[in-house]
Every structure is written in structure tokens, then in C-alpha cells.
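S.K.: Below you will find the structure I want to go over with you.
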Amino acid sequence: MSEPSARDDAARGARKLVLVRHGETEGNVAKLLDTRVPGLPLTERGVAQAKSFAARLTVPPVRLYSSVALRAQQTAGHIESVTGVPAEVLDGVYEVQVGELEGLNTEAAHREFQRVYRSWHLGELHTRLPGGESGEEVLARYLPVLDDLRDRYLTSGADSRDVLLVSHGAAMRLAARELTGVAPPFTTNNHLDNTETIELVPTEGGGWTCVRWGRYTPPFGYKVEPTADDPMG
Numbered sequence: 017m018s019e020p021s022a023r024d025d026a027a028r029g030a031r032k033l034v035l036v037r038h039g040e041t042e043g044n045v046a047k048l049l050d051t052r053v054p055g056l057p058l059t060e061r062g063v064a065q066a067k068s069f070a071a072r073l074t075v076p077p078v079r080l081y082s083s084v085a086l087r088a089q090q091t092a093g094h095i096e097s098v099t100g101v102p103a104e105v106l107d108g109v110y111e112v113q114v115g116e117l118e119g120l121n122t123e124a125a126h127r128e129f130q131r132v133y134r135s136w137h138l139g140e141l142h143t144r145l146p147g148g149e150s151g152e153e154v155l156a157r158y159l160p161v162l163d164d165l166r167d168r169y170l171t172s173g174a175d176s177r178d179v180l181l182v183s184h185g186a187a188m189r190l191a192a193r194e195l196t197g198v199a200p201p202f203t204t205n206n207h208l209d210n211t212e213t214i215e216l217v218p219t220e221g222g223g224w225t226c227v228r229w230g231r232y233t234p235p236f237g238y239k240v241e242p243t244a245d246d247p248m249g
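Reading the sequence shown from the start, the letters are residues 17 to 249 in the numbering used here.
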């Protein structure tokens with residue numbers, strides 16, 4: 017849960033690290049478990065989502081980054097075209113790698129992914145997707161990137177504008193759960209739509225507080241039922 021002082025800071029416009037899920041892809045439409053880099057491109061709707069997201073920004077970010085996946089780079093590129101902020105690529109923040117489930121869209125494949133993914137949110141980070149990653153491995157590559165962005169751009173005296181990172185739904189939710197303590201079933205049931213965000217504000221002592229998770233703001237006690245939304249990307 018967020019500390020009241022951190023929420024107060026956020027309300028006063030504290031600088032944030034904004035994790036943005038990429039726009040819609042062909043894989044999302046087909047419900048494919050599409051995680052291997054470079055992955056599938058954006059659809060026309062995904063392009064429109066990225067441009068619309070950028071147009072809604074009241075202030076351009078101080079920095080704009082994306083994962084190495086094609087869909088994330090394309091989304092960031094369209095944000096760059098609207099804001100004028102150059103998009104840069106970061107390693108380590110690509111989607112959870114699903115191994116033997118790659119390219120599948122069957123009900124059984126999605127059930128297996130969700131079984132393992134939910135176990136990570138319950139603390140069983142050692143559990144591994146068949147032929148893919150464990151939760152520990154995802155966090156080991158993902159979290160240091162966020163720490164570095166914090167140190168470079170979100171420390172006291174830094175530029176007051178936000179940092180944007182275009183990334184992926186499942187990896188974003190796992191990282192935010194680990195960093196902020198927002199708990200399941202909220203974190204496992206509340207999938208992110210394309211171009212929805214998880215927004216993090218740094219707190220004293222190296223911590224983070226979550227000030228937005230998709231359409232929700234703190235406190236994150238909402239009873240969110242599992243949805244048919246694409247769980248990853």
C-alpha cells in the first residue's frame with residue numbers, strides 16, 4: 017500500500033516513472049502468447065492508440081524509452097513523432113519469456129501461463145514457465161533498469177518531468193507488484209489494456225509508490241474480477 021506522504025507528493029505533481037504498455041498488435045488480436053523478440057508489429061489500431069496516448073500528454077517526458085521488442089519500439093516511435101522527444105531502446109525490459117508456450121493461443125496454453133504467472137505474484141518466484149523464465153529471472157533483468165532510470169532522472173534536483181518507458185503488460189505488473197507491494201488478486205486480475213500505464217513515484221530510502229495502475233488509483237483495494245483482456249504483450 018502507498019504511504020500517505022507519498023500520495024501527497026504525487027498529488028502535488030511529483031515526477032514519475034511511467035510504464036506504458038505498447039499499442040495493440042496482431043498477436044494481441046489473435047490472443048497469441050507472443051513474447052520472443054522482435055515479435056509482431058502494431059496494428060493500425062495500435063498505431064492510433066500510440067498517437068492518441070502521446071497527444072494526451074500535457075507535458076512531454078524528460079526521457080522516452082522502450083524495450084527491444086518491435087511493438088514497443090513502434091509505440092515509442094509514434095510517441096516521439098508527437099512529442100519530439102527522441103525514443104531510445106533499453107535491454108532487460110522485454111516481456112516475460114514463455115518458452116514452450118510461445119506462439120500458442122489455446123485455452124490450455126493460456127491457463128498454464130496464468131497458473132505460473134499468478135504463482136509469482138503469490139511469492140513463488142522460483143517457478144518456471146516450461147522452457148521459459150522464472151519470476152526471479154524476469155525481475156533480475158527488469159528491476160535494475162528501473163533503478164538506473166531512478167538514479168539518473170528521478171532523484172532530487174533532477175528535471176521535474178516524467179520518464180516514459182514503453183514495455184509489456186505481464187512484466188510491468190510483476191515488477192510493480194514487487195516494488196510497491198500492491199497485492200493480488202488485484203495485480204493478477206487487473207490486466208492492462210494497450211497503452212494503459214502503471215505510474216511509480218520514488219520515495220525516500222529507495223522505495224516506490226504506485227499512483228496509477230491502468231484505470232485505477234490508490235488505494236488498490238478494488239475487487240477486480242478476472243477479465244478476458246489479453247494478459248500480456
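For each residue, glycine too, the CB sits at the ideal point set by N, CA and C. Just so you know, these numbers come straight off a predicted model, no measurement behind them.
Quick check on DSSP: helix, strand or coil for Thr41?
M.R.: strand
S.K.: Enumerated in chain order, which unbroken segments of the alpha helix (DSSP H) with a length of 4 residues or greater are wholly contained in the stretch 75-139?
M.R.: 86-99, 123-137
S.K.: Note down, in chain order, each residue of its chain lying with its Cβ closer than 6 Å to the Cβ of Val161, except the 5 sequence neighbours on either side.
M.R.: Leu106, Gly108, Val109
S.K.: Pairs of beta-carbons, one from the stretch 133-148 and one from the stretch 55-68, closer than 8 Å: are there three or more?
M.R.: no
S.K.: Spatial neighbours of His38 within its chain, please: CB distance less than 6 Å, with the 5 preceding and 5 following residues excluded, ordered by chain position.
M.R.: Arg87, Ala88, Thr91, Val182
S.K.: Assuming the contact rule is C-beta atoms closer than 8 Å, Glu111 and His184 should be a hit. Round their C-beta distance to whole Å, please.
M.R.: 4 Å
S.K.: Whole angstroms are fine: how far does the CA of Glu104 sit from the CA of Val179?
M.R.: Rounded to the nearest whole angstrom, the CA to CA distance from Val179 to Glu104 is 12 Å.
S.K.: With a cut-off of 8 Å on the beta carbons, I'd call Val78 and Arg177 a contact; round off their distance for me.
M.R.: The Cβ separation is near 4 Å, so the contact holds.
S.K.: Sort out for me which residues DSSP pairs Arg144 with in a bridge.
M.R.: Paired residue(s): Ser150.
S.K.: Considering only residues of the same chain and omitting the five flanking positions on each side of Thr211, which have a CB-CB separation below 8 Å?
M.R.: The answer, listed in chain order, is Val36, Arg37, His38, Gly39, Gln65, Ala66, Ser68, Phe69, Thr91.
S.K.: Quick one: grab the DSSP three-state call for Asp24.
M.R.: Because Asp24 carries a pLDDT of 45, less than 50, the predicted location of this residue cannot be relied on, and no value is offered for it.
S.K.: Quick one, are the C-beta atoms of Ala187 and Val154 less than 8 Å apart?
M.R.: Yes, Cβ-Cβ distance for Ala187 and Val154 is below 8 Å.
S.K.: Taking the C-alpha atoms as reference points, what is the distance between Ile95 and Gly55?
M.R.: 19 Å
S.K.: Under 8 Å Cβ to Cβ from Ala71, same chain only, skipping five residues before and after it: list those, please.
M.R.: Val98
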